[in-house]
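Chains as they are written, first to last, in the numbering used here: chain A, 16 to 135; chain B, 16 to 135.
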DNA sequence: GCAAGTAGTTACCTAAAGGTAAGTAATGAG
DNA sequence: CTCATTACTTACCTTTAGGTAACTACTTGC
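What follows is the structure, given as structure tokens:
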């Protein structure tokens, strides 16, 4: 598994490697809408994520240059995250994906409303 | 881990659950461009994927209604995969993502060409 | 009658991802 | 003097995903 970044045949693989992963696109989507969120705020918006994993995701996104970490050494530390210019470039893609998601969600709700007549 | 599809708070999570995963978006992207591919052809375009995992991804995409499986019981069986109408709705999103990917790829290549003068 | 070829399936095993829980720093509140 | 707070980090342990390899079916070619 140490030979995966070599065959960067197409850029698609590269970008997927950066934004894929369990909660990663969702974090980007949150930051894409709220423009700046603190660690705890992100955690609160993603029920079920652990601090360990969230930290890991944020570090990786930061390393990829997609998000910016703003650490303020106040008494209880204040850490805010926001998209970088590069990260912001994903906004339209994420928005497009969200539109599809919303559409499918509505379609599926309609079908559910018909209580499985579609079994025919 | 059997309590993850319940909190379908926002559709984004739902769609991410369907198209996320190691090679999934890439498979969709391939089918989005080639309109129909056989099992072996997909495998050949994704170096490093095993038959087991590819089968798994294809089954899940089929279960989500994003791809269509066309099995022809010829002597050596011929199985083709293509996007369903719903799967095709992802095309513009994937294309948008690819555009960003290509752009970043070019930017990164430029920077590499400058051999780290950007340290300033 | 045995190998080849497609598209898997299955069993088994290992590596990595993720969860939980506890610890940390610094300070203000009680 | 101790607790609470924020944003982690670390250790430990379990679960899961994924890899590898072998096996299947069915017919053709040799």
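We put the beta carbon where it would ideally sit given N, CA and C, even for glycine.
Mind checking whether residue i and residue j have CB atoms under 8 Å apart?
i, j, result
"residue 96 of chain B", "residue 27 of chain A", "no"
"residue 109 of chain A", "residue 43 of chain A", "yes"
"residue 84 of chain A", "residue 94 of chain A", "yes"
"residue 29 of chain A", "residue 116 of chain B", "yes"
"residue 47 of chain A", "residue 105 of chain A", "yes"
"residue 10 of chain A", "residue 64 of chain A", "In the structure as shown, chain A begins at 16 and stops at 135. Residue 10 of chain A is therefore absent and cannot be evaluated."
"residue 39 of chain B", "residue 69 of chain B", "no"
How close, in whole Å, do the beta carbons of residue i and residue j come, if the pair is a contact with beta carbons under 8 Å?
i, j, result
"residue 79 of chain A", "residue 33 of chain A", "5 Å"
"residue 81 of chain B", "residue 98 of chain B", "7 Å"
Comparing the CB of residue i with every heavy atom of the ligand SAH, is any distance shorter than 7 Å?
i, result
"residue 101 of chain B", "Ligands displayed in this structure: none; no statement on the ligand SAH is therefore possible."
Exercise for the section: Taking only beta carbons into account, state which residues of the stretch 29–46 of chain A come closer than 7 Å to chain B, listed in chain order. Expected result: Answer set for the stretch 29–46 of chain A: 29, 30, 31, 35, 40, 41 and 44.
Exercise for the section: Check each residue of the stretch 109–123 of chain B: if its Cβ is closer than 9 Å to any Cβ of chain A, include it; give the result in chain order. Expected result: Here the close residues are 109, 111, 112, 113, 114, 115, 116, 117, 118, 119, 120, 121, 122 and 123.
Practice task
Please specify which runs of the alpha helix (DSSP H), each continuous and at least 4 residues long, are wholly inside the stretch 32–107 of chain B, giving them in chain order.
Solution key: Runs of the alpha helix (DSSP H) inside the stretch 32–107 of chain B: 39–49, 54–60, 66–78 and 100–103.
Problem - the stretch 80–107 of chain A: positions lying closer than 8 Å to chain B by Cβ - result: Going along the stretch 80–107 of chain A in chain order, one finds 101, 104, 105 and 107 with a Cβ nearer than 8 Å to chain B.
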